[in-house]
């Protein structure tokens, strides 16, 4: 038997009020009685006008009438003063900012600036050398420095010249002598200095007046975070990324200003928004890109000019960091809602064609380098396999034996990508490992001379840090010696 | 839909294997015999019964070694025979020398960091994540190393005997310890319930030990830090806020100094309470 009264509120429900009214009842047909509150239904409470409409007199949460006991006569209202909220992108900019010098660090007297021939000279391997001011600006313009590297601890940015560095730079020089293109992938374990190797290659290129085009983060191209649009009259359809390309052109312009000003166009470019007659400087051509709208056309014109056969062009260095991101299907969608392969993005295709050995030939030779990343890398099974195969083939070729087994495809795995394999079929692979103890010693002496390592650098300390760092892995040595609580 | 959520990619993930299995080295007889202690039948490789290893055969001559190292070893054995210790470390030498004794405190695994650093790191720790706190501490020290030398405020003097400001950034541990020790209060107020009459508690100043003083001071610093806003984003923000506050303390800008003054003032005000009849024996 149901109670005649509502037990909660002791309000007697009148017979005329339905127990629950449907919410969807339109106001036109609402019965008159529904205007009063029905105790068993939340509908009327929900239908109540919002607080803003009721005005501020209603007060806070409880709307209980009558007297209230007020403790403390003058109660301060808590105002959370949050100050100015950061603008969009401001916090990220603070996180990503790059400091290249520390005024507290002691200047190292024996530190010499890198000259144009130093990085190719085997005698300078195992030495720490400083980057010249001009090159610093160029590297900064092309975003070669990363926020995770320890640039901000020393008086001026300096790099350790490794054996691998001189090896790589000599290979680059050989290729330029033969007017060929060196195609090479730098790979290795975490924090072994892969990005730093790219930076050193770029330093060499800047010092020798090459033209450098650097893609600092390959993921920016393929994770669908920048605009894209199909390029008309392409089959299969390719996509341009105008905003990114504009940024890239500006970076190229700032970093290679001197060289571009001395290089002149071979043909006129009537297709550009601003007419470019023949024999105008490439800097002027790059300056045409003012807006994202026509950036891809400008970039194409620039690229055709740079790779124009028979012209007197400086050598070109094309580098990309984070190779795995461009060796997979991208996150972009075609109008049919299919995922777009990274190699269908025009800029990526331009790079991968050169890496594959097809595509444009550099008139005075040059190099195309890519570095893999271990911390931020999607699975790219084909890339990993191809690199392992190339490495095994390389070591067999060097020893003139076949003792290293070339890894084969897993027959039960479907995730391989033929296009990626085709690109990486004939690249060279440079695997980075830990540095040796002599190099470690040179590095630690530099740290100690800068006042950042407060310890005597002797064989014992060097061996200790070298061992702690997993046989001299560079980043781990920094962690063990510089980024520790025992300074 | 991200490709990961695709049902077909889930199927392919089942058979993901990028390269062939590494071949294990052929297990030797020792490896086979290992772990078979309760197995009564030996699984050592079959050998013809009664066949002895060649070295045990009577016709085999012991191989003659003649090298200088061998000579030395034989000489050493002879010396042992005569009761002399031939393997004296002072004679033989060590690759990296003997450790100095007594061992310096830093060589002890549990005391490898400065005592202030150890204590403060544990105060920084949240949710028992010591490794994260240690990384934060390393970032704090790094911030102190790279920030410009502090401009000292003569109204807020640091501990007597502190090095000049320009020396501080290159010794971040000292920088941090100096900041904490300089704002650390000397006393705390202990309330004795109901002794002041009328149910009021009697505040009596009590001296603090060095560790307690540091804990209080760093607690105040952390209070300020937790109310501060980060400038940027990412994992370096919390340690950067702490480091900024440390710099503010050394430069005399921090509100922590006021807290210290307040505690000291009430300590001076209440010092007469030490002579209270009920307290005398207790303190």
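Residue numbers (the UniProt record's numbering), protein chains in the order written: chain A, 1 to 487; chain B, 1 to 283.
No residue lacks a Cβ here, since even glycine has one placed at the ideal position from N, Cα and C.
As the structure is a prediction and not an experimental result, all values here were calculated from the model.
Would a check of beta-carbon distances place residue i closer than 9 Å to chain B?
| i | result |
| --- | --- |
| residue 460(A) | yes |
| residue 182(A) | no |
| residue 487(A) | yes |
| residue 86(A) | yes |
| residue 472(A) | no |
| residue 322(A) | no |
| residue 441(A) | no |
| residue 424(A) | no |
| residue 451(A) | yes |
| residue 265(A) | no |
| residue 153(A) | yes |
| residue 478(A) | no |
| residue 82(A) | yes |
| residue 140(A) | no |
| residue 468(A) | no |
| residue 454(A) | yes |
| residue 234(A) | no |
Cβ of residue i within 9 Å of Cβ of residue j?
| i | j | result |
| --- | --- | --- |
| residue 169(A) | residue 147(A) | no |
| residue 463(A) | residue 437(A) | yes |
| residue 246(B) | residue 221(B) | yes |
| residue 303(A) | residue 240(A) | no |
| residue 96(B) | residue 460(A) | yes |
| residue 176(A) | residue 364(A) | yes |
| residue 204(B) | residue 194(B) | no |
| residue 260(B) | residue 184(B) | yes |
| residue 318(A) | residue 354(A) | yes |
| residue 95(A) | residue 147(B) | no |
| residue 176(B) | residue 141(B) | yes |
| residue 415(A) | residue 473(A) | no |
| residue 341(A) | residue 419(A) | yes |
| residue 195(A) | residue 371(A) | yes |
| residue 237(A) | residue 118(A) | no |
| residue 242(A) | residue 229(A) | yes |
| residue 439(A) | residue 125(A) | yes |
| residue 253(B) | residue 153(B) | yes |
| residue 316(A) | residue 357(A) | no |
| residue 116(A) | residue 207(A) | yes |
| residue 124(B) | residue 242(B) | yes |
| residue 417(A) | residue 381(A) | yes |
Quick check: is the beta carbon of residue i nearer than 9 Å to any beta carbon in chain A?
| i | result |
| --- | --- |
| residue 226(B) | no |
| residue 97(B) | yes |
| residue 249(B) | no |
| residue 246(B) | no |
| residue 76(B) | no |
| residue 150(B) | no |
| residue 125(B) | no |
| residue 180(B) | no |
| residue 113(B) | yes |
| residue 134(B) | yes |
| residue 122(B) | no |
| residue 146(B) | yes |
| residue 119(B) | no |
| residue 142(B) | yes |
| residue 289(B) | The requested residue 289(B) is not part of the displayed model; chain B covers only 1 to 283. |
Please report the Cβ distance between residue i and residue j, rounded to the nearest whole angstrom; I am assuming they are in contact, meaning their Cβ atoms lie under 8 Å.
| i | j | result |
| --- | --- | --- |
| residue 454(A) | residue 404(A) | Not confirmed; about 44 Å, so no contact. |
| residue 218(B) | residue 120(B) | 5 Å |
| residue 389(A) | residue 407(A) | 6 Å |
| residue 457(A) | residue 479(A) | That belief does not hold up - the Cβ atoms of residue 457(A) and residue 479(A) are roughly 17 Å apart, past 8 Å. |
Checklist entry - Touch check for the stretch 245-256 of chain A and the stretch 122-132 of chain A: three-plus C-beta pairs under 8 Å? => result Taking 8 Å as the limit for Cβ pairs, the verdict is that the stretch 122-132 of chain A does not touch the stretch 245-256 of chain A.
Next on the checklist: Does the contact criterion of 3 or more C-beta pairs under 8 Å hold for the stretch 148-156 of chain A versus the stretch 444-456 of chain A?
Outcome noted: Verdict: yes, contact present.
Item to check | Contact list for the stretch 215-241 of chain B against chain A, Cβ threshold 7 Å | outcome: Correct list: 229, 231, 232, 233, 234.
Checklist entry - If contact means a Cβ-Cβ distance below 9 Å, which residues of the stretch 84-111 of chain A contact chain B? => result Answer set for the stretch 84-111 of chain A: 86, 90, 91, 92, 93, 94, 95, 96, 97, 99, 102, 103, 104, 105, 106.
Next on the checklist: At a CB distance below 8 Å, what residues from the stretch 156-171 of chain B approach chain A? Give them in sequence order.
Outcome noted: Listed in sequence order: 169, 170, 171.
Checklist entry - Would you call the stretch 317-332 of chain A and the stretch 219-230 of chain A touching, i.e. three or more CB-CB distances under 8 Å? => result A contact exists between the stretch 317-332 of chain A and the stretch 219-230 of chain A.
Checklist entry - Does the count of Cβ pairs from the stretch 159-174 of chain A and the stretch 344-351 of chain A closer than 8 Å reach three? => result The stretch 159-174 of chain A vs the stretch 344-351 of chain A: no contact.
Next on the checklist: Could you check whether the stretch 77-86 of chain B touches the stretch 131-141 of chain B, counting it as contact only if at least three pairs of C-beta atoms, one from each stretch, sit closer than 8 Å?
Outcome noted: In short, these stretches do not touch, since the Cβ pair count stays below three.
Item to check | the stretch 182-190 of chain A touching the stretch 203-218 of chain A, judged by at least three CB pairs closer than 8 Å | outcome: The stretch 182-190 of chain A vs the stretch 203-218 of chain A: no contact.
Checklist entry - Is the number of C-beta pairs between the stretch 156-164 of chain B and the stretch 110-120 of chain A that are closer than 8 Å three or more? => result No, the stretch 156-164 of chain B is not in contact with the stretch 110-120 of chain A.
Next on the checklist: Three or more C-beta pairs under 8 Å: does that hold for the stretch 251-266 of chain A against the stretch 281-291 of chain A?
Outcome noted: In this structure the stretch 251-266 of chain A touches the stretch 281-291 of chain A; the number of beta carbon pairs closer than 8 Å is three or more.
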